[in-house]
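The next block holds one structure in the form of structure tokens; read it before the comments.
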Amino acid sequence: YFDGTSVSQLASMIESLETGRSISPIKGRHASCLAFTLKHLSDGELVIVSWKSRSGREHHWALAVGLEGIQVGRSFTPQTLLLLDPGLEEPMLSMFNARLEFTIHPPPRKAEYVRYRGTDGVTLSVRLTSAVAISAHQH
345 YFDGTSVSQL ASMIESLETG RSISPIKGRH ASCLAFTLKH LSDGELVIVS WKSRSGREHH
405 WALAVGLEGI QVGRSFTPQT LLLLDPGLEE PMLSMFNARL EFTIHPPPRK AEYVRYRGTD
465 GVTLSVRLTS AVAISAHQH
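Numbered by this note's numbering, the letters in the sequence shown go through residues 345 to 483 in order.
Following this line, the structure appears as structure tokens:
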């Protein structure tokens, strides 16, 4: 409980469910994890992301369920990851209850932190540390 779950442990747990879906984990720098998450969400896959606060006190997993951004013609520029964060109680039965706002895509290479905003009013500077993509289709 106090040690948490690593990305490889989470990927193994999901694979053990034997759903036939491809599981793709990544661990690394914030920019790499964000690019990975954006690609897999854009491909219609779910992505479980791990974020860590700047202070280091908060570090946990949340399910990325969508993107928010600006669409001009056929060009979509993502600005926010929409999350279901199990650490938040409210609102129940909603499409998402937290946001990771990065506003610039592609983000600057030095941008290591983005804004986490929960529906409970909490705002934190966080960075992505890992992610696990779950394919939409069976292989």
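Where is the CB? At the ideal position from N, CA and C, for every residue including glycine.
When the options are compared against residue i, the one with the closest alpha-carbon
| i | options | result |
| --- | --- | --- |
| residue 432 | 366, 460, 412 | 460 |
| residue 411 | 378, 385, 377, 395 | 385 |
| residue 404 | 457, 480, 473 | 473 |
| residue 426 | 393, 457, 368 | 393 |
| residue 389 | 447, 369, 373 | 369 |
Alpha-carbon to alpha-carbon, residue j and residue i
| i | j | result |
| --- | --- | --- |
| residue 397 | residue 352 | 21 Å |
| residue 366 | residue 350 | 18 Å |
| residue 469 | residue 480 | 30 Å |
| residue 482 | residue 380 | 20 Å |
| residue 475 | residue 371 | 7 Å |
| residue 354 | residue 419 | 34 Å |
| residue 348 | residue 402 | 11 Å |
| residue 374 | residue 383 | 14 Å |
| residue 458 | residue 387 | 22 Å |
| residue 471 | residue 364 | 31 Å |
Helix, strand or coil at residue i [DSSP, three-state]
| i | result |
| --- | --- |
| residue 420 | strand |
| residue 447 | coil |
| residue 386 | helix |
| residue 349 | coil |
| residue 467 | strand |
Outcome for residue i when other beta-carbon atoms lying within 10 angstroms are tallied against a minimum of 16
| i | result |
| --- | --- |
| residue 429 | buried |
Next item on the list: Assess, as a yes-or-no matter, whether the region 459-473 is touched by the region 433-443 under the definition of 3 or more beta carbon pairs within less than 8 Å.
Entry: yes
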